[in-house]
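S.K.: So the sequence shown is numbered by the numbering used here: it starts at -11 and just counts up by one. Cβ coordinates follow ideal geometry from the N, Cα and C atoms, glycine included. Note that the coordinates shown come from a computational prediction; the quantities given were computed from them, not determined experimentally. What follows is a single structure, and I will ask about it in a moment.
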Amino acid sequence: MNYSQLEAFIDLVETKSFSHTAQRLSVSQPAITQRINALEKSLGCALFNRKGDDLIVTQAGCYLYTQGKAIIAMWKATYLRIQDIKNSPYGSLHIGASTIPSQFFISPIIKSFRNSYPHIKLQVQVAGTEQVVGWLQDKKVDVGIIGSRPDKQQWLTSFPVAKDELQLIVPMCHQWASRQAITIDELKDSTFIVREKHSGTRKILEKALAEHELELETLPILGEFGSTDAVIAAVESGLGVSFVSKFAAERSIYLQKVRSIPVTNLHIERELYCVTNTNNITLSTTKFIDFIKEHTQNALSEVKS
């Protein structure tokens, strides 16, 4: 017994006509006769009693009709589900994210993506921008979300997904805390806490200062920290001042643990980037890239979870 035989039998029970069944199934009438004969032979019993042109369904035929309808329905549902599986990505997607994107951008994107593609297992690893790019090159992650535009590489593609801004924050006890703004030259008068070299935040800061003929290394630097949270905590405790993401600083500013002080003629904006390795594009990666483009093209603005 196979699908085509069972399909022909069920249709024949309903039409009571070999010619009508053949027409509905787009096959010849002899083909329908052959299927019914083969089905009866495989089951070892008659499914119809033929009286002239009339077809009378036997008791066995009635039972097969009831069960066969359920089998055909299950068969079709199974086929459709297999097609869904075939066209919907499964497997895993490894995402590398630098500090700021991991804290303030990636979570809502992942939540929405997970709702759309529940069969993709997501894994997020957090490190500095340079490390994430290294993971991408070594194919240890499939996609990267980083805090600065990556250097051009033949194997790498990137596009912006959100905007951020670096703000100068100072402790509440700092001499600048009561100021409305400071000048660029005054930056040399305070101790700085900075991110580690090669972090996206630091690269953007170095570039912005260089445009004003000021090198970060010439400022009084107390120490380098491996995360923005650590930098903010150091500023809160009075160890120095720092430029950090406005998203990251928002809570401390709200709690009045630090103050954000504008620097005249120094406005530091940056874009967060999604990066991929063109030599390592899977179906899951493609779905994620399409998804993130769709959800950020109208929001290349400040992203807030």
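Mind checking whether the beta-carbon of Gln244 lies closer than 8 angstroms to any heavy atom of the ligand SAH?
M.R.: Ligands are entirely absent from the displayed structure, and the ligand SAH is therefore not among its contents.
S.K.: With distances taken between CB atoms, is the gap from Ala222 to Ser230 smaller than 9 angstroms?
M.R.: yes
S.K.: Which runs of the alpha helix (DSSP H), 4 residues or longer, sit entirely within the stretch 57 to 107?
M.R.: 87 to 92 and 94 to 104
S.K.: Considering only residues of the same chain and omitting the five flanking positions on each side of Val121, which have a CB-CB separation below 6 angstroms?
M.R.: Only Pro138 meet the Cβ criterion.
S.K.: For a test of the three-state rule: what should DSSP assign to Gly49, helix, strand or coil?
M.R.: If DSSP states are grouped into helix, strand and coil, Gly49 belongs with the helices.
S.K.: Can you give the beta carbon distance from Arg258 to Ser136, rounded, assuming they're within the 8 angstroms contact cut?
M.R.: 6 angstroms
S.K.: If you run the structure through DSSP and keep just helix, strand and coil, what is Thr206?
M.R.: helix
S.K.: Excluding the 5 residues preceding and the 5 following Ser289 in the sequence, name in chain order all residues of the same chain whose CB lies nearer than 7 angstroms to its CB.
M.R.: Unreliable positioning characterises Ser289 in this predicted model, as indicated by a pLDDT of 42, which lies under 50. The coordinate reading is nonetheless provided below. If you ignore the 5 residues before and after Ser289, its C-beta comes within less than 7 angstroms of the C-beta of Lys151, all in its own chain and listed in chain order.
S.K.: Once you ignore the five residues that flank Glu153 on each side, which residues in its own chain have a CB closer than 6 angstroms to its CB?
M.R.: Lys234 and Glu257
S.K.: Quick one: what does DSSP say Ala287 is sitting in, helix, strand or coil?
M.R.: Unreliable positioning characterises Ala287 in this predicted model, as indicated by a pLDDT of 43, which lies under 50. The coordinate reading is nonetheless provided below. Coil at Ala287, not helix or strand.
S.K.: Return the Cβ separation of Ser86 and Thr117 in integer angstroms, given the expectation that the two are a contact with Cβ distance under 8 angstroms.
M.R.: The pair is a contact, with the Cβ atoms about 5 angstroms apart (cut-off 8 angstroms).
S.K.: Decide if Asn265 is buried, meaning its Cβ has at least 16 other Cβ atoms within 10 Å, or exposed.
M.R.: Counting Cβ neighbours within 10 Å, Asn265 comes out buried, since at least 16 surround it.
S.K.: Alpha carbon to alpha carbon, what distance is there between Lys57 and Thr66?
M.R.: Rounded to whole angstroms, the gap between the alpha carbons of Thr66 and Lys57 is 14 angstroms.
S.K.: List the DSSP bridge partners of Cys262.
M.R.: In DSSP, Cys262 forms a bridge with Ile133 and Phe147.
S.K.: Less than 6 angstroms between C-beta atoms, sequence neighbours within five positions excluded: which residues of the same chain meet that for His82?
M.R.: Gln111, Val129 and Asp130
S.K.: Could you give the C-beta distance for Ala34 and Thr46, rounded to a whole number, given that I count them as a contact under 8 angstroms?
M.R.: 6 angstroms
S.K.: Only counting the same chain, and skipping five residues up and downstream in sequence, which positions put a Cβ closer than 8 angstroms to that of Ile44?
M.R.: Phe36, Asn37 and Arg38
S.K.: Could you compute how far the alpha carbon of Phe276 sits from the alpha carbon of Thr216?
M.R.: 27 angstroms
S.K.: State the start and end residues of the unbroken beta strand (DSSP E) segment that holds Val251.
M.R.: Run containing Val251: none; DSSP gives neither H nor E here.
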